[in-house]
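Comments concern the structure below.
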Amino acid sequence: DIQLTQSPSFLAASVGDRVTITCRARQDISSYLAWYQQKPGKAPKLLIYSTSSLQSGVPSRFSGTKSGTEFTLTINGLQPEDFATYYCQQLSSYPPVTFGGGTKVEIK
Amino acid sequence: EVQLVESGGGLVQPGGSLRLSCAASGFTFSSFSMNWVRQAPGKGLQWVSYISGRSTSKYYADSVEGRFTISRDNAMNSLYLQMNSLRDEDTAVYYCVRDWCSDTNCRFDSWGQGTLVTVSS
């Protein structure tokens, strides 16, 4: 299985901050990477697919980029509703898929 | 509106069996591949199983291969997961998930609310 290393596992930020979360793949996965947001007690929600495509209805403050096998989720201007846990997912080998370990974004 | 509603979770003893169901609505169910993804308490997401639209392809995570069986009934718009020989480590919330693929680009675009399976004596 293709491993994903997500960092940091936890970060504290303030409303209005710019937040970046990184996901590194152990091997080339092309652009087959997605990002999900999960709030406590809720199902994950798709934010970004194919590295940088914004899912319908997702605010434009969310964006995704890639450099080699390193992928980044950026939130420009963190909002109160953005405090959640974020997961990356690779679909290069789908099926199966693998997820990163998650990044919990909390209020500073 | 796409809706996925899981059911069938509960408390089961180690070595026992359970069958999860997922009722789908709001889309042409047979046109989409489906997955089960689970999340142990306080842990991350783990893909469990995949089934193609017409059930011609099925895949399983190594950790459940030989114990779990995925199936679907397109006439009933339903997805199933038969879980046998359950272990403590199978304790998790199980999500029914639809994939959306355009060309070779896929994503898990719709998730159910999840059903909790607890394996304990």
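Just so you know, the sequences run in chain order Z and S.
Here my numbering is used: position 29 in the first sequence is 80, and no number is missing along the way.
Here my numbering is used: position 54 in the second sequence is 1229, and no number is missing along the way.
Quick reminder that beta carbons are idealized off the backbone N, C-alpha and C, glycines included.
- Contact between the region 60-74 of chain Z and the region 122-137 of chain Z is present: 3 or more CB-CB pairs across the two stretches fall below 8 Å.
- Between the C-alpha atoms of A135(Z) and V1187(S) there is a straight-line separation of about 31 Å.
- If you draw a straight line from the Cα of T1203(S) to the Cα of V1180(S), it comes to about 15 Å.
- DSSP places K159(Z) outside any beta strand (DSSP E), giving it a letter other than H or E.
- Annotation: Cβ neighbours of A94(Z) in chain S (cutoff 8 Å, chain order): Y1270, W1286, G1287, Q1288 and G1289.
- For N1280(S), the chain Z residues whose Cβ falls inside 9 Å of its Cβ are S82, Y83, Y100, S101, S104 and L142, in order along the chain.
- Approximately 3 Å separates the beta-carbon atoms of T1290(S) and G1184(S); this is inside 8 Å, confirming the contact.
- In this structure Y137(Z) does not touch V109(Z) by the C-beta definition: roughly 12 Å separates them, more than the 8 Å allowed.
- In this structure T56(Z) does not touch L84(Z) by the C-beta definition: roughly 13 Å separates them, more than the 8 Å allowed.
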